[in-house]
Every structure is written in C-alpha cells, then in structure tokens.
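J.: In order, the protein sequences belong to chains W and H.
The first sequence begins at -16 in our numbering and counts up by one.
The second sequence begins at -4 in our numbering and counts up by one.
Using N, Cα and C, we set each Cβ at its ideal position, and we do this for glycine too.
Dropping a structure here in structure tokens format, bear with me for questions.
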Amino acid sequence: MSGAIEQPRFTCALGSCQSVVAIKKGVPILHSGPGCGVQISRIIGQGEGYAGGSTMPCTNAEESDVVFGGEKKLRDVVENSFKVIDGDLYVVITGCTAAITGDDVAAVVGEFQEEDKPIVYVEEGGFKSNNYVSHSRLVKAIIDQYVDKFSEDREVIPGLVNVFANIPYQDPFWNGNLEQLKRVLTGIGLKVNILFGNESEGVSEWKTIPQAEFNIFAGSWAGLDIVKHLKRKYGTPYLHFPYTPIGAKETSAFLRAVGEFGGLDKEKVETYIDREEKKFYSHIDKMASFMLEFRYGIPRRFYTLADASTALGFSKFFLNELGIIPGIQFIVDDIPEKYQESVLEEFSKISDLQTRDVKVVFDPDAGLDQQKLLEDAKDYEDKRLLILGSSWDKHIADELHADLLIVSVPVQHRLVMNCGYAGYEGGLRAIEDIYDRVLATYR
Amino acid sequence: MSKISIKEPSVVIREKRLGTINAFTGTASQIVEKSAKGELKDCKRKFSQCLGCNQQQAFCQLAMIRDAAVINHAPIGCAGEFADFNFTYRVEQARRGLPSQLGRYFCTNLLEKDTVFGASRKLEETIRLAYDRVHPNAIFVTTSCASGIIGEDIEAVVDAASEELGIPVVTCNCEGFRSKIWTTGFDAAYHTVLRGIVKPSEKKSNKINIINFWGSHVFDDVIRRFGYEPRYVIPFSTVEELSHISDAAASIHICPSLSTYMGAGLNQLHGVPEVLVPPAYGVAGTDRWLRAFGKLVGKEELAEEIIREGHEKYVPEIEKLKERFKGKKAYVTAGAAHGQALITLLGELGMDVVGAAVFHHDPVYDSGDDKLDILGQAVKNYGDVPDYRVCNKQACELVNALNRIRPDLILARHGGMTLWGAKFGIPSLLIGDEQFGIGYKGALNYARRIDDTLDSIEFIKNYSKHASNPYTKWWLEQDPGYFQGDGSGRGCAAGNGGF
Ligand code: SF4
Ligand code: SF4
Chain W
-16 MSGAIEQPRF TCALGSCQSV VAIKKGVPIL HSGPGCGVQI SRIIGQGEGY AGGSTMPCTN
44 AEESDVVFGG EKKLRDVVEN SFKVIDGDLY VVITGCTAAI TGDDVAAVVG EFQEEDKPIV
104 YVEEGGFKSN NYVSHSRLVK AIIDQYVDKF SEDREVIPGL VNVFANIPYQ DPFWNGNLEQ
164 LKRVLTGIGL KVNILFGNES EGVSEWKTIP QAEFNIFAGS WAGLDIVKHL KRKYGTPYLH
224 FPYTPIGAKE TSAFLRAVGE FGGLDKEKVE TYIDREEKKF YSHIDKMASF MLEFRYGIPR
284 RFYTLADAST ALGFSKFFLN ELGIIPGIQF IVDDIPEKYQ ESVLEEFSKI SDLQTRDVKV
344 VFDPDAGLDQ QKLLEDAKDY EDKRLLILGS SWDKHIADEL HADLLIVSVP VQHRLVMNCG
404 YAGYEGGLRA IEDIYDRVLA TYR
Chain H
-4 MSKISIKEPS VVIREKRLGT INAFTGTASQ IVEKSAKGEL KDCKRKFSQC LGCNQQQAFC
56 QLAMIRDAAV INHAPIGCAG EFADFNFTYR VEQARRGLPS QLGRYFCTNL LEKDTVFGAS
116 RKLEETIRLA YDRVHPNAIF VTTSCASGII GEDIEAVVDA ASEELGIPVV TCNCEGFRSK
176 IWTTGFDAAY HTVLRGIVKP SEKKSNKINI INFWGSHVFD DVIRRFGYEP RYVIPFSTVE
236 ELSHISDAAA SIHICPSLST YMGAGLNQLH GVPEVLVPPA YGVAGTDRWL RAFGKLVGKE
296 ELAEEIIREG HEKYVPEIEK LKERFKGKKA YVTAGAAHGQ ALITLLGELG MDVVGAAVFH
356 HDPVYDSGDD KLDILGQAVK NYGDVPDYRV CNKQACELVN ALNRIRPDLI LARHGGMTLW
416 GAKFGIPSLL IGDEQFGIGY KGALNYARRI DDTLDSIEFI KNYSKHASNP YTKWWLEQDP
476 GYFQGDGSGR GCAAGNGGF
C-alpha cells in the first residue's frame, strides 16, 4: 500500500532502533533529524530501556547538515558515544535526512569497525520501508558486520536454535512472548538463542548464531528474510511456523513441528506436550462452566486490527479454545502482496472441522478499516463484540459497547511488563485478560 | 522587537528572530546579564542525544482544534506522535465535558519513490481523502524533513485545495531540521493560524486570549471578576472561534516560550495588547501579575482586593509549609520559560535552587521589551542560581550535573528527565499541567505536592538501588558542559557564562 494512512500502527524504517534497545546493552545511534527518536518512542516505545528514548545518541540533523552533509558530525557522535555510553553493541541507523543527502555512513562507521569496535550500521532512511521490514535488515546487518567476525572455525552446537519471532516493541508483548517461546522450546530439550529481551544472554548469545543447528521463524512474514539469509550464509536450515502460537492447541502444533523438523526425540516432545496440555486444560475444565453458562453477555464475535502473526494466532486460539467466532480481520502491517496469499490460506485452515470463510482485509490505513468495521458490526447488533486492536480503537469499541483487548501498538490504555500471550501460559493469560475486560464492565 | 509578517508561508526561525541559543554553562545572573547585552552566542555539541523537533511542537498546537484535520506531509515515521496527541486530546475532552471524538490526523506516507518523482499528487489526494472522511472546517498541512528536502511547491497545492473545498487549507512549515530550537514549532503553528485562520475584527469583545497548551482553566474566576471572558487558545478551540481571536481585549502568556509569537502577532497585526509581565507564579509574582492586569483594564482597586483575598486565603498555609522546606536544595529541569517559572516558585517556597538545566534560552521575546523576563525577576527576588545551564534536553548533561549536585528535590517538566532523579534516589516531581502552579492557589498546590514528594521516598530509595545506568564512569567525571562547543569542556558555552 502506498497511499495515505490515518491512525498509523507501525513506524518507519528507523524504528528498528527499538530492536537494538531490546538487545542487552545495545546502543542505537541515530543519524537522523532531531525529532525522529521521539516519534518512534511515542508509538512503539515502552519507557527508556537501557539506552533508548532520550538516552539514544542522535546527530539531530540541522539545516547545515542537510546542505553540506553530516558525516563529520556523525563521526563525532559515534566517537563520543563509545566514551559516554557503556554498551556491548552500537548500531548506527540512518533516517530520512541522511538518506536524501547521501552521507557515506559506511565509510564513517568503517573507520570504527577497523579499530575492532563493536559497531555496525544500517542505511535506512525512514521512507525506505517500515519497521516490520527494517527489523530484518537490522538483524542481518548485525550478523554480517559483527557476528560473522566470530564465525571462523565454527562448529554446530547440537540442539542450539536461533529463534526469530515477534518484533521487539512493535509487538507490545515481545518480551513476554519471547520468554514463553524460549520456555516451551527449552521444555522439549533445545538450547535457545532468543536474542532479545530478558531471557537473552545479550551479545555473547548473538555470537553463537552461526553455530545453531537450525533456525526457527515463528511469524507471518516480517523476519522471514533473516532465516533465509542465515541459510544462504551459513547453510543453517530453518523452520517457518506462520503465526504466533497462542494457547495449548497451537503451541503443541508448534512444538511438534519443531520436534519433527529438528529430528528431536519424539517421546520427549510428547511427554512435555502432555504435561503442559494437562495443566492448561485443567484450568479450562475448571472454568468451562463460566464460559458456557455465564448468564450475561460474553463476546461471541471478534474483529482484529493487528499484524498478520497476531491476527492469525489469536483467530486460531479464539475459535478453537474459546469459541469466539472471527469477524473481519484487518491486517494493518503493510504486508507485501507476495505474502498475502499465504496468510489467506492459513485463515482458510483455522478450523479442523469445517470450512470457515474468514474475511480478511489488508490495509494499513486503519481509519478506513474502522469505517468498514463499523459498517459490518451493524449486522451483529444482537451480539456482544470483541475488538482486538490498539488504543486507536477505544473510540469505536466505546461506540459499539464492544470489549477491547489491546494487542497492538499504540498501547495507551494498559501497561505491559512481562505479559506474553504466546505458549501455554500465554494462552491462559489471554483468557484472563479478555474476561477481566468483560467482567469489569458489570456493575 | 521582531516584526511579524504573515506574507511569507514560513515563520522566521527563533535563532534568527530572537537570537535563541541552546547551550550555556554559567549562573542565572550571568545569562540574564548577557541576554540584556546581546552577548550570547550559540554553539554546537560534539555529542548529542535525541531531542525533539519543530514538527512535534507545531502539531501539538494544531492537533486539538476541534473541527480541523491535520495532515503530516511525511513518511510514516514522523506520524508516531499521532497516537500520543490523540490520547491527550481525548483525555482532555473528557475533563472539559466535551463529546468523545477521535483526533483526525493523516500521514501522506511518503515513500522513496515519492522523494524521487515528487509527492504533490499524494498531498492532493490526501487532502481530498481527509476532507471526505472528516468534513473538517479547516485542514492544516505540516511539513517534515523529507517533504522539506524534496522542496516542492506545497503552497500551490494547498491554495488549489482551499479553493476547491471552500475551507482554509493552510501549510505549517515545521520540518525538523529547519530550526535547532524545537519551540520554533510553536511559532510555526501560530504563524499558520495567524496567516490562514484569524480574521480582522471590526469591534473588540470582552474576551481575554489565554495562549496555552491544554492546562486547567485556572483563569476563569479571576478574569470574570474583572468583567472579562476567558478564551483559551489554541487547543480545544473551533476554527470559527480562532477566526475571531483578533477581537480580544488582551492576550495573556502562561509561558512566553510558548506564546511569544502569537502574543506579538496579535498585537502587531490586530492591536490586541499583551499582558507583559511574567506569568503569575508565586505569591509575589501573582501580586505583580494582578496589578499589571488591573492596570491594563483600568481596575487597579479590584486587583488590590483580589490580592488581599488571595493572601488571606492561601498565604498562611504556604507559610506553614515553607517551614518544612527550609534549607532544602532543589534542581529544575524544563523548557525555558516554564523552567524559570519553576525557579520562581521554588524561590517563593523558600527552597534553595542550586541548579537548573533548561532546554533553550530566548534572550528576548517577540514583544521586544524585558518585562516578560522571568529569570531576571527571579534572580532579583530570590537570589542567583549558581549552576544554570542550557542543555538542549541532553540527558547526559542533566545526569552529570545531578550526580555532582545531588539536590534534595528535582522539579521536571518533560518525560525522560524526571527518571534520572529517581535513579539517583532523589525525590522527583513532574507536573504536566502548566497551569497547576499559577496564582496563589497554584503556589499552595505546588507546596503541597512538593511536601508529598519529599515525604514519599520509599519507592525512590528502593528503586535507585536497582536502577540501571548506561553512562560511563569517564563521562560522570567530566564537566557537564564538556560537549558544549569544541568538546574540550572549555568551549564557547562556558565562555558564554563568563569563565
Ligand atoms: S526531525 Fe524531521 S524527520 Fe524527524 S520527526 Fe521531525 S520532521 Fe520528522
Ligand atoms: S520517517 Fe524519516 S524523518 Fe520521519 S521519523 Fe522516520 S527517519 Fe525520521
């Protein structure tokens, strides 16, 4: 899509700076206009992190840089970033100003790389793509310009996997989701490089990326380039699981796929799945009476305005574990056309028992999506509706008296710390959160 | 005095109009003196952190006009703020008892190809789309670095659209790189409104323009007692209301950093007098403000009466609280004029203001006289601030200064800064509502909040034990102003302060 956007729900290519913030002691250095960092924090930031927000070094382009170029300033800022901010990895990312004026960032950063400083660069320019796309470019840059230096005489470590999934900060639950994915994969006996967030060892973990036995990409499309790149570069095979696994059914499917792909001991995998499913369904069992018998309304139909991975993951979960039927799914991640078909196909398979025709709209112009949603909702006035969306959707949720679970940026009406909806525990958490919103509406 | 001209589509940037600077190391009295003599020079930094830009300041003023739509002619990244301002807009609607409404903001979503083949078509389409979706009474088009550098004739596009749609479609040139001083964005928004919305008025009304953000309506009672009607601009006005602000009896500044351009513009273009006296912070400051306002409207006796009442009602409790603040060291970090207002307040409350990191410094305002000089008055009334720095919102300078000074209290005004007090275990207070501290009641409000803040140290002390600190030991050992100028620690900014 290349038209105007009302209610943006992602940011520009420069937004990958938040992926750097998500690496332990990672320091982004922006070569951009003065306001860019703030713009990004405002929509996807969750506080400062270690060196994000107003700690992030930035060249703060001014008129003279735009006219005469900003390479000298960049060199100064990089040099002094090393002195001022204590980091394990520094990443220079360029914004629109530098991209238009054509500063030779490679040359400037190259000087520091020659001194063996832990620094890489990604030439973006905010307008070149968005942060769904640039996240992959960032990870690839770190691998090619830094990690690769440590890959000589690499030996594959049996059972080691790199996991690429939710995009830090763009997915508000990135940290919790990655924690959950690591937990279940460790459960079936793998050694997991989760790379971002609390459960990662940080840069030392990144250095072992080339040694993985195989890679896992759990998501629809944004990040697929990374595992493809690693296959080309190090010959590491990869498994693509096309959405975020939420709840028991999907997580078990995910683990079985991984087990099979990695040739893991089947019994071990099944034992783990069995244990986790027992726990999960004991809670469902306990609360089934509520879900089936609650006298006052609980949602029967849901709309989603989110990225493809989230929309798919939740749709499967809602339908199969909670009996909530999918209404129109608005995919707002600006998904390239070539991937849309595979998303539609996944939606067509969301029920094991019957063909379900889920209506899917691909359009990042969420202002327009909302209009369509309101129009569609007119046909369901008898039903209590649930909207999976962002803070932008509070307004229409209020208007429709619908329940709103915020699962996408911008997130302004809830606080996220380690909450994650992936995995078995994440599924339970999702159920708690939905019914918390529902029940809180009663007097 | 700067001459306000609305012929040009772009506002003259603050550096040029007012000689504004964003780096200084010295004392408050030094910067006051150097401002008066016109001796302040600006300088660069050899290290810098994310700042904030013009465009955001402009947007904040245009985004809450109740029946307008805003288009940011930019790539999607520059629209990150939309959600944030929508949140503020909606929270403040509720506080004002207004119906629930979404902020209608559009981004032209400039892509690489548009920077090569041009983006005018896209802007045209977006204007039409915004009009069809919202049917606004005006559309504002803000520019960004990308649209600024492409450099197309945006004026031609908006003029044509204005004609076609029959509503004002007005540009606001506020690309981030245009000015090093982010508050130029306020000026840009006011320039836009003065140029495209405000009409001359035939007769004066009894309205007083209060040029503000979206703070609480503290002026209602007092303005009405003087027989006038308060009118808060720009946020929460309608396009129609804005078109009449030229009929006001006077304009009030709550923060001249914000409103200098609008005040002077309305004065020079439409003869609306400004209340030229520092905003009413602190008891003495409120006395002075009331007297000035009383004089302007010819009701000096009423002013004295209000002053007497205010003193009776609020001063005894303020005095009591002051006892508890004796000997406490306070530090301020905020935008320029508001920071200076906070210095005034703290001085009034008997605290010892040991330092301040303010974001920029306007040596003079657009009105051209020094009657609005808050800092000058503060220094005169409450003594010097020994470590006064203009920090351009550079967190590293603040962190470094705090680490040395270790005050008992920090008063902050912008996010990302308050945090640092807490990390060092120093009680910190951020008050978002600019009007919270105005008047006698405001002084008491602040005194109470400061008292609470000084009291509730458990969280801060516990948190500080576990807080992360990304700054190196090396940095904390340098001078806070080390990077101002040539990076030697003795650069031009220190020269500014007379070392
Ligand atoms: S500095 Fe420029 S590019 Fe960055 S947010 Fe501001 S206008 Fe946009
Ligand atoms: S789109 Fe460009 S100018 Fe805007 S925030 Fe992103 S990098 Fe900065």
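#1: Gln51/H CB to nearest chain W CB: under 7 Å?
#2: Helix, strand or coil: which one does DSSP assign to Val349/H?
#3: Give me the Cα-Cα distance between Leu93/H and Ser232/H, rounded to the nearest whole angstrom.
#4: Looking at the strands, I want to know which residues DSSP matches up with Tyr100/H.
#5: If the criterion is Cβ atoms closer than 7 Å, does the pair Val385/H and Ala18/H meet it?
#6: Report all residues from its chain with a CB closer than 6 Å to the CB of Lys232/W; omit the five preceding and five following residues, and keep chain order.
#7: In terms of residue numbering, what span does the beta strand (DSSP E) encompassing Arg283/W cover?
#8: My assumption, with CB atoms under 8 Å, is that Phe224/W sits in contact with Ile199/W. Please give the rounded CB distance.
#9: Below 8 Å on C-beta distance, what does Asp87/W contact in chain H?
#10: Please classify Asn158/W: is it buried, with 16 or more other beta-carbons within 10 angstroms of its beta-carbon, or exposed?
#11: Show which residues of chain H have a CB atom less than 7 Å away from the CB atom of Glu45/W.
#12: Buried or exposed: Glu197/H, going by 16 or more other Cβ atoms within 10 Å of its Cβ?
#13: If you count every other CB in all the chains shown that lies within 10 Å of the CB of His68/H, and 16 or more means buried, which is it?
#14: So that I know if they touch, is there some Cβ in chain H lying closer than 7 Å to that of Ser(-15)/W?
#15: When the Cα of Ser463/H is compared with those of Ile171/W, Ile68/W, Leu336/W and Pro155/W, which residue comes out closest?
#16: Given a cut-off of 7 Å on the beta-carbon distance, is the pair Lys251/W and Gly172/W in contact?
#17: Pick helix, strand or coil for Val67/W, following the three-state DSSP scheme.
#18: Anything in the region 28 to 54 of chain W with a Cβ closer than 8 Å to a Cβ of chain H? List those residues in chain order, please.
#19: Classify Lys495/H as helix, strand or coil using the three-state DSSP reduction.
#20: Where do the ends of the alpha helix (DSSP H) carrying Glu329/W lie?
#21: With a threshold of 6 Å, establish whether the CB of Gly16/W neighbours any heavy atom of ligand 2.
#22: Where are the beta strand (DSSP E) runs, 3 residues long or more, that stay fully inside the region 349 to 374 of chain W, in chain order?
#23: Determine the extent of the beta strand (DSSP E) in which Phe313/W is found, giving its start and end residues.
#24: If you draw a straight line from the C-alpha of Ser459/H to the C-alpha of Phe419/H, how long is it?
#25: So, with DSSP's three-state summary, where would you put Tyr383/H?
#26: Return the Cβ separation of Tyr435/H and Lys290/H in integer angstroms, given the expectation that the two are a contact with Cβ distance under 8 Å.
#27: Any chance you could list the beta strand (DSSP E) runs of at least 3 consecutive residues sitting entirely within the region 148 to 197 of chain W, in chain order?
#28: What residues match up with Val228/H in a beta bridge as DSSP calls it?
#29: Quick one: list the residues of chain W neighbouring Thr103/H, beta-carbon separation under 9 Å, in chain order.
#30: Hey, is the region 103 to 119 of chain H in contact with the region 42 to 54 of chain H, meaning 3+ C-beta pairs nearer than 8 Å?
#31: Go to Cys19/W, then tell me how far its alpha helix (DSSP H) extends in each direction, as first and last residue.
#32: How would you write the range of the beta strand (DSSP E) that Gly230/W sits in, first residue to last?
#33: Rounded to a whole number of angstroms, what is the C-alpha to C-alpha distance between Tyr276/H and Gly432/H?
#34: Taking Cβ to Cβ, would you say Cys102/H is nearer than 7 Å to Ala74/H?
#35: How big is the Cα-Cα spacing for Gly(-2)/W and Pro70/H?
#36: Is Cys48/H a contact residue of ligand 1, with contact defined as CB to any heavy atom under 6 Å?
T.: Concretely, from the data shown:
#1: Taking Cβ atoms only, chain W reaches closer than 7 Å to Gln51/H, which makes this a yes.
#2: For Val349/H, the secondary structure class from DSSP, reduced to helix, strand or coil, is strand.
#3: Taking the straight line joining both Cα atoms gives about 12 Å.
#4: According to DSSP, which records beta bridges pairwise, Tyr100/H is partnered with Val65/H.
#5: Yes.
#6: So the list reads Asn303, once near-sequence residues are dropped.
#7: For Arg283/W, no beta strand (DSSP E) segment is defined, and its DSSP state is neither H nor E.
#8: Between Phe224/W and Ile199/W, the beta carbon gap of about 7 Å places them in contact (Cβ cut-off 8 Å).
#9: The premise fails here: Asp87/W is roughly 18 Å from chain H at the closest Cβ pair, so nothing lies under 8 Å.
#10: That one is buried.
#11: Result: Phe172 and Lys175.
#12: The residue in question, Glu197/H, is exposed, as its Cβ has fewer than 16 Cβ neighbours within 10 Å.
#13: In summary, His68/H is buried, with 16 or more beta-carbon neighbours lying within 10 Å of its beta-carbon over all protein chains present.
#14: Residue contact check for Ser(-15)/W against chain H: a CB pair falls below 7 Å.
#15: Comparing Cα-Cα distances from Ser463/H to each of Ile171/W, Ile68/W, Leu336/W and Pro155/W, the minimum goes to Ile68/W.
#16: Yes, they are a contact pair.
#17: For Val67/W, the three-state secondary structure derived from DSSP is helix.
#18: Taken in chain order, the members of the region 28 to 54 of chain W whose beta-carbon sits within less than 8 Å of a beta-carbon on chain H are Glu31, Tyr33, Ala34, Gly36, Ser37, Thr38, Met39, Pro40, Cys41, Thr42, Asn43, Ala44, Glu45, Glu46, Asp48 and Val49.
#19: No answer is possible for residue 495/H: it lies beyond the span of chain H, which begins at -4 and ends at 494.
#20: Note, Glu329/W: alpha helix (DSSP H), Glu320 to Ser331.
#21: Within the cutoff, so yes.
#22: Listed in chain order, they are 368 to 372.
#23: Run containing Phe313/W: Ile308 to Ile314, per the beta strand (DSSP E) assignment.
#24: Using only the alpha carbons, I get a separation of about 6 Å.
#25: Residue state, collapsed to three classes: strand.
#26: 19 Å between Cβ atoms; not a contact.
#27: If only uninterrupted beta strand (DSSP E) runs of at least 3 residues are considered, those enclosed by the region 148 to 197 of chain W are 174 to 176.
#28: Beta-bridge pairing by DSSP links Val228/H to Ile206/H.
#29: Here the neighbours are Gly(-14), Ala(-13) and Ile(-12).
#30: The region 42 to 54 of chain H and the region 103 to 119 of chain H do not touch, with fewer than three beta-carbon pairs separated by less than 8 Å.
#31: Bounds of the alpha helix (DSSP H) holding Cys19/W are Cys19 to Ile27.
#32: Where Gly230/W is concerned, there is no enclosing beta strand (DSSP E), although the alpha helix (DSSP H) around it starts and stops at Gly230 to Gly245.
#33: Gly432/H has its alpha-carbon roughly 6 Å from the corresponding atom of Tyr276/H.
#34: Cβ distance < 7 Å, so Cys102/H and Ala74/H count as in contact.
#35: About 12 Å.
#36: A heavy atom of ligand 1 is found nearer than 6 Å to the CB of Cys48/H.
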